[in-house]
Each structure stands twice: as C-alpha cells, then as structure tokens.
Amino acid sequence: MPHDTPLISTIVGGLVLAFIFGAFAHRLRMPPLVGYLIAGVLVGPHTPGYVADQNLAPELAEIGVILLMFGVGLHFSLKDLLSVRGIAVPGAIVQIAFATLLGWGLGAFMGWPTGGSLVFGLALSVASTVVLLKALQERRLVETERGRIAVGWLIVEDLAMVLALVLIPAAASIGGEGHAPVEPLSAALSRLFGLDLGIGGMIAMTLVKVALFVALMLVFGRKLIPWTMHRIAHTGSRELFRLGVLAIALGVAFGAAKLFGVSLALGAFFAGMVLAESELSHRAAQESLPLRDAFAVLFFVSVGMLFDPNILIDKPLPILATIFIIVIGKSVAALLIVLAFKKPLSTALTISASLGQIGEFSFILAALGVELGLLPEEGRDLILAGAIISIILNPLLFFLCDRMRPLLDGAKREDVAADPAPAADAIAAQEEMPPEDDEVHPTALRGHAILVGYGRVGSIVGQNLKSSATPFLVIEDSDKRIGELKAQGIETLAGNAVMRETLDLANLSGARSIAIAIPNAFEACRIAEQARSVNPSILIVARAHSDAEVDELSQYGADTVIMGEREIALGMVDRLAQVHHESVPYEDSHGPDTIAPTDDPPPERE
C-alpha cells in the first residue's frame, strides 16, 4: 500500500483543523468560517509546518460549490428565478460595471496596464457563491423575496463571469500579450474552415452554448431527472437514492462545464432547479446535506491556503483600498440599485450585505490574468487578501445592516409624521407604495402561545390552537407558508426564531407558552435556551428524534419534549392491543384508524 496519500492527508488535515478552529471561533461567538479560513492559512505554503496539496484542495472545494448550488436549486423554482429577472439582471449588470470601474481606477493608480486593471476590477465585482448562500441559509432567507433576488443576482454574475473567462484570453491575444482564443468551438471552426470569428463571434458562440444548455435542461431535464429519481426511489434502496442524487448533481455540473462552457456551479444549480419540481426534492436535499456541508468547509480551507499573511505588512494601503471597494463600494451600489427599483429597505440591506465579499470566481479570474501576463502577481495577492478579509467581515456587515434597519425605518416614520400634507394625500401616497412583504412588526398579543415552524407537525398544532380559540402567532421563514397563514387570518412573523430580535417581536416575555415544532435540534435548543432566559415561567414544548435530543432539549430548558418515534410506537401498540387483547378502538375526526394513547398499560413483553 502506498504511503504517499496527498488526497487523504489534505482532507484529514483540512477537516480536523477546520473543526478545531471552527469550534474556537464559535466559542468566541464568531462565525465558524473564520476558523475554517485560519485552518487554511495554517496548512498553506506560507506558514511553517504541514502543507496540504495545492492542486487537490481547490478541486475538493469545487465539489462543495457544486453541491451547495445544487441544494439551492432544489429550493429555487423556475418561477422564482423569472420573478426576479426584472431587478436581478439590470441590478447585477450595473453593480458589476460600477465595481469594475472602481477596481480599474485602483489598478491604473498603481501603474498596472489597462487589461490587468480591468481583470482586477472584474475579480472584485463578483460575490462568492458559498459565502452568499451560507449567509442566506443561516438566516433562513433563501425562500424569501430577499433571498430570491440575491440568488438571481448571483446567477447573473456567474453568467457574466463565464462570458468574461472567454473574452479575456481573446482580448489578450488581440493585444499581443496572451495566447490564442481558447474557446473550443471557435477554435474548431477556425481549424476546419479557416474562419476568424473574433470577439463578436466568440461572444455569440458562448451565448448560444449557454442558451442551448438552459433549453436542454428546461425541455428534457425537467422530465428526465425527476423520472430517474422516482425510478430509483421505487427500488426502496436509500443507498442508491443517495448515490443517484450525487450522480445527478456532479454529473450535470461536470457535463455542463465540459460540453457547454458554463460554470460548474451554474450547471449544478439548474440540475437542482429541475429536480425541485419532483415530490422527492425535499428528500434529495436531505441526502446531499452532509457532503454539502463537509465540502463547503474545504472551500474555506482552500481559500485560506492561498493567503500570504506577509502582504498585510507589505501592502497595507492597497489592501485597505481593495477592501473598501469590495465591502463598501459594492454594498452601497447594490443598496442604491435595489432602492431605485422601489424595493423595501430590508431587501436592499440584505442584498447589499450579501454581495459585500468576493470568492471563487475572483480566484479563477486572478489566476487567468496572471497566466496571460495581464495582471501582476501583486494584483492576485490583493484579490486573495480582499477575499479573506471580506469573508471574515461579511457577518459583521449583516449585523450592521440589521442594526441600521430599525434606525432608518424610524427616521422614515418621523419624516412621514412631519409631512404637513393632507390626510387624503397621505393615504393615497401610502396606497401607491409597494407592499413591504419582508417587514415585520411587534405583536400586540399577551398571554399567548408562540408556534415556531408550520410544517407537518406545526400545522397540526396550529390548527388545534385555532380551533380551541387560543391566541397564538406563528414564526415561519417560508414565503409560501406565510402567505397561506395570512390568508387564514393567522398572525405570522417572518424570520428565524433563533434570532433574538424575532423572539422579541413575538413578545416572548408576555407569552404563556412556546411550541418549537422545527426538526432541527440545534436550533431548537438555542430557541429553548433564549425563551427560558427571557421568560422563566413560560411553558416550552419541543419535538425530538432521539433520546439524546430529548435530554439535550431538557437541559436547555424545555418542559416537555415529544419524541415522534416513541409516540408512533405507542400508537402502533394501542392498535395491536385492539386485535390481540380486544381493547376498545379510539375514533377521532380523522377516521377509525387514527389511534390515541389509552389509559390501559401496554401488554407486557418477555
């Protein structure tokens, strides 16, 4: 057996150190990804000690990007994508142009050639797929209007960067500084027919290939992929189903990149989006989640490996200027663009914070620019430093936006109150304003019940609370469910109950009970802990899937924890008792086969 195992050592070294430093970061109340980046720096070539494989780490990280975009596609329908095209397309184009102009200005000031300055600006204009999606998922915003606009914006950026990767070599060759065009189809036509397509032809070829890929996915993929997954599901093999999910995600992404020239992330996104129309999409998302999280960690480790800490000492002012463009310039531009489209302030702040960082496409552009001799190595180092620092600062940017929103909303209300316009004009102006679907307001309820989550379990609890005339409100993050709840006249708060601000809006201190119906035990524990600290006398009821989760939730303050498997087993025991011991069957509104627990003890077992 060979002892040289770079793949194993890279995975083990990256994951172990990421776990250690991620745990430290979490203990210090910092995002775990900060620890992942530090782990990457430690296993990189610029620090002493073990050095991970420089070629394998980025490829492993790319798998994480593929699986992450596939998961987003599973929750992002074609209807959602088309619904935001009016703002995502022009917004992304204007923001890319503005950030590229700022980067070009910085490059020109440092004496770089025009081509290198433009590559530098493009690299600063595109946000990281992993960072943006992680931030939205942690705040459970992917399925909200803000999340859909941010993801649609990201897709447009990806398409623009795919086009840039084709144009940059062509521009370099025309300027005599680089190689010949590398677009495969254009090169083949040049060899076969002696045609020189030029930049215009290469753009047309790229757009045709991307359009062909999208058309194939929407026409054939929408039928073939769900049909394949249903056939696999009918085999009853969970192992085959999980393998099928991974094969579709990775296979479509790789095929799209090789055959059509689109990015791996974009190919995986469309694979997930067409599978989302299947009833098995939720199960597919669950099966891909563990690998998705593990490889996403490797992405951050690979980014850290590229970072040379010495640049912080050697080039402090250029680094500050680069960070200003990424964190401030891009964010302000996105904020103004979204507000110009008359979207709510909460939407503008979320999108501006989401885009205030750079990532994987920036590294690809930087590497290409250096390879073609357009971008000096100093520019690549600045891009890497800007990526690392902007990724670390991104959670802080979200925090500041969350803090700014109430202040700006308060100033807006004061302006309205000070307006001497007649009441009729004020009412008319209010009617003309677009609805702010994402805005949340404090509840006026007291002595009420709080229901967290309105899925399969939460909906049953909610309907019983409603039928018993118990005052309650629901905390939910799915736009679809929120719309259904509001249509039923049920008070709803849009947001994540893990956030203290959301619980405060639900008047946690004045509530009598809280039912935590979400299946995620980690989030449930945090909610229970906060509920108990704010309101010591509140009744906390939660759900669990194992004895360990029952114990953990109880330690964090839950009064009653219901384990679904145990209640199902008790129901089955009661039903069996009707046959074997002639006990009286229980009937309810759902039919004679719905069994409730009885007072009789279950039969003894040997």
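In terms of UniProt numbering, the sequence shown opens at residue 1 and continues consecutively. No residue lacks a Cβ here, since even glycine has one placed at the ideal position from N, Cα and C. Just so we're clear, the structure is a prediction, and the values are computed from it rather than from any experiment.
For S533, the uninterrupted alpha helix (DSSP H) segment begins and ends at 521-534. By the criterion of at least three beta-carbon pairs nearer than 8 Å, the region 446-457 is in contact with the region 494-509. Within the same chain, and ignoring the five residues on either side of A265 in sequence, the residues whose Cβ sits closer than 7 Å to its Cβ are V65, I66, M69, T129, D158.
In the DSSP assignment, the residues bridged to I540 are I514.
Judged by their CB atoms, E476 and A521 are not nearer to each other than the 8 Å cut-off. The Cβ-Cβ distance between I364 and L124 does not fall below 8 Å. In this model, A487 and G495 are separated by some 18 Å (Cα to Cα). M563 is bridged by DSSP to A544.
In this chain, V16 is not harboured by any beta strand (DSSP E); it is covered by the alpha helix (DSSP H) spanning 6-27. The criterion of a C-beta distance shorter than 8 Å is not satisfied by I337 and G121. Excluding five sequence positions before and after A321, the CB atoms of its chain that fall closer than 6 Å to its own CB belong to L106, given in chain order.
Take the alpha-carbon of L163 and the one of I248: they are about 25 Å apart.
A distance below 7 Å between beta-carbons, with the five flanking residues on each side excluded, links L224 to no residue of its chain. Rounded to the nearest whole angstrom, the C-alpha separation of V51 and I313 is 22 Å. By the CB criterion at 8 Å, V262 and A268 fall outside the cutoff. Membership of I460 in the alpha helix (DSSP H) is indicated by the continuous run 456-467.
Judged by DSSP in its simplified three-state form, A497 adopts coil rather than helix or strand.
Here I351 is not near I155, since their CB atoms are 8 Å or more apart. The straight-line gap separating the alpha-carbon atoms of P318 and G86 is approximately 36 Å. Between M229 and the set L218, I392, G244, I527, the nearest pair of CA atoms involves G244. Contact between the region 30-37 and the region 295-303 is present, with at least three C-beta pairs closer than 8 Å. A buried status is given to P344, since no fewer than 16 other beta-carbon atoms sit within 10 Å of its beta-carbon. The bridge partners DSSP lists for L473 are I450. Out of M110, Q555, I93, V151, the CA that lies nearest to the CA of M161 is found in I93. DSSP places T144 outside both helix and strand once states are collapsed to three, so it counts as coil. Fully enclosed alpha helix (DSSP H) runs of no fewer than 4 residues occupy 330-340, 345-354, 360-371 of the region 324-377, in order along the chain. The Cβ-Cβ distance between S281 and L275 falls below 8 Å.
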